[in-house]
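For the sequence shown, the residue numbers in full-length UniProt numbering are 1 to 519. The beta carbon of each residue, even a glycine, is placed where N, CA and C say it ideally should be. Inspection log for the structure reproduced underneath, given as structure tokens.
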Amino acid sequence: METKIELQNKAKGLLDSSPKESIAIGKRIWNEFEGDDVFNLYDALQVLKAAKNDSGVEFDFVYEVVKKYSDKEEIINRFKWFAFNKYLKGKKGIDVLPDEVNINKMLQVISQSNLRLDNTYPCPYTIAAIELSKGHSKNLFNGRKVNEYLDKLDSSYLSKKNKNYIKEGEEIKVASDLETYYALKTKALLKTELYEECKSLCEVALNEINEFHYSNDLWFKMRIALCYEKLGELEKSEELFQALLSTKAGNDKWFLYYDISSLYYNQNNFEKALKYSVDATFYRIDLDKMNSLFLLQARVFVKLNRPDDGKIIAELIASIVKKYELKNKQDYESLYKYFDIEFQNCKEFILTYKNAQNLWLKEKYKGLNEISGKIVFIHQNGKLGKIKTLDNRVFNFNKRDFNEKQRNISQLNDSKVSFVEMRSFDGRTVAENIKILEKVVSRSENLLVGTVLSGTIKNFTDFGIFVKLNGHKDGLIHKNYLPSNIKNTFKEVYHNGQNIKVRVEKVSDRGIELKIVNE
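Below, the structure written as structure tokens:
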């Protein structure tokens, strides 16, 4: 039988070349030797060194070794980086959940570093607790689990430094550990109905974080408003929601309108509940995430004794569930039964969505007078513009404010329109529900490919040359249309104000593409 010293020397020699065999020898010493030859601190260090080099090492044995020497700093330091590399490195959120059991074992023997004092090196304990919390926040948010892991953290140790990094020359902004903690923790407290704690922590977050990411400041304020509602302070909740809707950050968030609509519904104020639920639909982004809003709206229509309109929304819900292959919740099925909708034979989404859109437009602008005017300005960003009325009043508008979706508004200058006068979140009068009465067709739209025109060089960009064309909007000569010998030096060959002849290569919503004609 080999002596312990012989086995130790053999294990040491295999650390780099065959760490798995080295660990197997360490396990032999652990199981077979007693008395003076019992497995000791030296052997434990050898096992940890080998484990660092073997990604497939048996975790349970390493963990038993670490537990025996959990009071030894060198053992704990080696173990936390071994576990970090094995289970956490390069993984985010839901990706760490398959190894949750072993990561939990790691959390039982290592401790949290004070990154507020020194964040030179990452803290595996902090990373583990936050990523497990993130994992349980995905799909079906598990508030109990999120709270469980975040309760392991001392928030005063969490770094306030943002985790920004550069990707492809662009700065990507990422929230600090502290902001992430507050965002997850307040949501978990709200989900688990700990309203006083949630409200207090949101207030702490708003005071302690200097720069917010992912609209977290908005979420904290919204959770405070929701907590007041759940605690029975309805007037305070309503006041806070109204304040959020009057801000630039909050005025276009559908879920805020949904929450205040729900607040009014619970107060039996169904007219106001309908108003805000309809307003929410004008800021829709992901329809597959908005069925909670549509469910509420269908119920409001029933309460207002408008079953035909309620059925339009119920049919929309059914078609969304079918289109996006969502789970049919009990609330949805009850709604289908109430309105006598057969889910398997429900109307197509394109039809139900159009019906719902028409209903929302009618509801939002009912009783309001239409005003006539002419579009007199389109911003170069293609999203904003101005309308002038016959009595010389000027109204700003947004691309989304047209009655029918417009792919490109840059061609609409001088078009005659009708619209409804509304108030924006900051109190300004704006134009909404814009309908095109008479579109002015620009000469550019009638340009034929191959037409040769005279133009003047207006300016240069890295991707080409903009050319001013008489009687048409400016065109672009992309550098790919230039001769290969000047593709990278065209700024030196041509100059601003130079007269050139060009041929039309393409006319589209994006503009006029040109090519230089060699005379």
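Hey, A128 and L88 are a contact pair by Cβ (cut 8 angstroms); roughly how many whole angstroms apart? Sequence index remark: in the sequence shown, residue 128 carries index 128 (1-based). Sequence index remark: in the sequence shown, residue 88 carries index 88 (1-based). Between L88 and A128 the Cβ distance is about 6 angstroms, and since that is below 8 angstroms, they are a contact.
List the endpoints of the continuous beta strand (DSSP E) containing R503. Along the sequence shown, read from residue 1 onward, the residue named residue 503 stands at position 503. From DSSP, the beta strand (DSSP E) with R503 extends over 499-508.
Assign L48 to buried or exposed, taking buried as 16 or more other Cβ atoms, counted over all protein chains shown, within 10 Å of its Cβ. For this step, residue 48 is matched to residue 48 along the sequence shown. Classification for L48: buried.
With G13 as the anchor, note down where its alpha helix (DSSP H) starts and where it stops. Here residue 13 corresponds to residue number 13 of the sequence shown, with the count starting at 1. Run containing G13: 4-13, per the alpha helix (DSSP H) assignment.
Express the C-alpha separation of Y332 and L206 in angstroms, rounding to a whole number. Along the sequence shown, one-based indexing puts residue 206 at 206. Along the sequence shown, one-based indexing puts residue 332 at 332. Cα to Cα, L206 sits roughly 37 angstroms from Y332.
Whole angstroms is fine: what's the gap from Y353's alpha carbon to K405's? Taking the first residue of the sequence shown as 1, we reach residue 353 at position 353. Taking the first residue of the sequence shown as 1, we reach residue 405 at position 405. Distance between the alpha carbons of Y353 and K405: 13 angstroms.
Just reading off the alpha helix (DSSP H) that G26 is part of, what are its end residues? Here residue 26 corresponds to residue number 26 of the sequence shown, with the count starting at 1. First-last of the alpha helix (DSSP H) with G26: 19-32.
Given a cut-off of 8 angstroms, decide if E363 and V449 are closer than it, judged by their beta-carbon atoms. Walking along the sequence shown from the start, residue 449 turns up at place 449. Walking along the sequence shown from the start, residue 363 turns up at place 363. Going by C-beta atoms, V449 is not nearer than 8 angstroms to E363.
Leaving out the 5 sequence neighbours to the left and right, which residues in its chain are closer than 7 angstroms to H303 when beta-carbon positions are compared? As a working note, residue 303 is residue 303 in the sequence shown. A small correction: the amino acid at residue 303 is Lys; His does not occupy that position in the sequence shown. For K303, where only same-chain residues beyond five positions count, the Cβ hits under 7 angstroms are F270.
Leaving out the 5 sequence neighbours to the left and right, which residues in its chain are closer than 6 angstroms to V146 when beta-carbon positions are compared? Indexing the sequence shown from 1 puts residue 146 at position 146. Once the five neighbours on either side are set aside, the close Cβ partners of V146 are S133, H136, S137, L184, A188.
Over what stretch of residues does the beta strand (DSSP E) that includes R423 continue unbroken? For the purposes of this step, residue 423 is taken as the residue at position 423 of the sequence shown. Here the beta strand (DSSP E) through R423 covers 416-423.
Have a look at K253 and P122 and give me their C-alpha separation to the nearest angstrom. Indexing the sequence shown from 1 puts residue 253 at position 253. Indexing the sequence shown from 1 puts residue 122 at position 122. Taking the straight line joining both Cα atoms gives about 35 angstroms.
CA-CA distance, D401 and Y283? Here the question's residue 401 lines up with position 401 in the sequence shown. Here the question's residue 283 lines up with position 283 in the sequence shown. Taking the straight line joining both Cα atoms gives about 11 angstroms.
Helix, strand or coil for Y121? Go by DSSP, reduced to three states. In the sequence shown, residue 121 corresponds to position 121, counting from 1. In this structure, DSSP gives Y121 a state outside helix and strand, which the three-state scheme calls coil.
Entirely enclosed alpha helix (DSSP H) segments - the segment 194-257, minimum 4 residues: 195-208, 216-230, 234-245
Which residues does DSSP pair with T461 in a beta bridge? Indexing the sequence shown from 1 puts residue 461 at position 461. In DSSP, T461 forms a bridge with G464.
Span separating the alpha-carbon of N210 from that of G35: Numbered from its first residue, the sequence shown carries residue 210 at position 210. Numbered from its first residue, the sequence shown carries residue 35 at position 35. Distance between the alpha carbons of N210 and G35: 59 angstroms.
Span of the beta strand (DSSP E), counted from its first residue to its last, around T389: Looking up residue 389 in the sequence shown gives position 389. Segment 384-389, the beta strand (DSSP E) holding T389.
Within 10 Å of its beta-carbon, does I409 have 16 or more other beta-carbons around it, so buried, or fewer, so exposed? Here residue 409 corresponds to residue number 409 of the sequence shown, with the count starting at 1. With 16 or more Cβ atoms within 10 Å of its Cβ, I409 is classed as buried.
State yes or no: is the C-beta of S246 within less than 8 angstroms of the C-beta of F397? As a first step, residue 246 is located in the sequence shown; it is residue number 246 there, counting from the start. As a first step, residue 397 is located in the sequence shown; it is residue number 397 there, counting from the start. Going by C-beta atoms, S246 is not nearer than 8 angstroms to F397.
Where DSSP assigns a beta bridge to S454, which residues make up the other side? If you number the sequence shown from 1, residue 454 lands on position 454. Bridge partners of S454: K501.
Alpha carbons only, please: which of D95, F84, N31 is nearest the one belonging to V65? One-based indexing of the sequence shown puts residue 65 at position 65. Among D95, F84, N31, the Cα nearest to that of V65 belongs to N31.
Kindly indicate the opening and closing residues of the beta strand (DSSP E) around V394. Position 394 of the sequence shown holds residue 394. Going by DSSP, V394 is part of the beta strand (DSSP E) stretching over 394-398.
8 angstroms Cβ cutoff, G143 in contact with chain D: In the structure shown, chain D does not exist; there is a single protein chain.
Give the secondary structure of E271 by DSSP, where H, G and I count as helix, E and B as strand, and everything else as coil. As a position in the sequence shown, residue 271 is number 271, starting the count at 1. E271 falls in the helix class under three-state DSSP.
What residue range is occupied by the uninterrupted alpha helix (DSSP H) comprising T352? Residue mapping note: residue 352 aligns to position 352 of the sequence shown, counting from 1. 349-365 is the span of the alpha helix (DSSP H), which, as asked, contains T352.
Based on the DSSP secondary-structure assignment, which residues constitute the bridge partners of E513? Taking the sequence shown and counting its residues from 1, one reaches residue 513 at position 513. E513 is bridged to L476, K506.
R28 to L7 span [Cα, whole Å]: Here residue 28 is taken as the residue at index 28 of the sequence shown, counted from 1. Here residue 7 is taken as the residue at index 7 of the sequence shown, counted from 1. Approximately 9 angstroms, taken between the alpha carbons.
Residue range of the beta strand (DSSP E) that S372 falls in? Taking the sequence shown and counting its residues from 1, one reaches residue 372 at position 372. Residues 370-378.
Excluding the five sequence neighbours on either side, which residues of its own chain have a C-beta within less than 8 angstroms of the C-beta of E438, listed in chain order? Sequence index remark: in the sequence shown, residue 438 carries index 438 (1-based). S415, K416.
So does K160 have its beta carbon nearer than 7 angstroms to some heavy atom of the ligand MN? In the structure on display, the ligand MN does not appear, and there are no ligands present to speak of.
Beta-carbon spacing of I375, N413 below 8 angstroms: Translated into the one-based positions of the sequence shown, residue 375 becomes position 375. Translated into the one-based positions of the sequence shown, residue 413 becomes position 413. Contact flag set, yes.
Segments of 3+ residues assigned as beta strand (DSSP E) that fall wholly inside the segment 277-348: none
Roughly how many angstroms lie between the CA atoms of E171 and I341, to the nearest whole one? Within the sequence shown, the letter at position 171 stands for residue 171. Within the sequence shown, the letter at position 341 stands for residue 341. Using only the alpha carbons, I get a separation of about 50 angstroms.
Return the Cβ separation of D54 and I23 in integer angstroms, given the expectation that the two are a contact with Cβ distance under 8 angstroms. Position 54 of the sequence shown, counted from the start, is the residue given in the question as residue 54. Position 23 of the sequence shown, counted from the start, is the residue given in the question as residue 23. At roughly 7 angstroms, the Cβ-Cβ gap stays under 8 angstroms, so D54 and I23 are in contact.
Taking only runs that begin and end inside the segment 126-200, name each unbroken alpha helix (DSSP H) of 4 or more residues, in chain order. 143-150, 177-191
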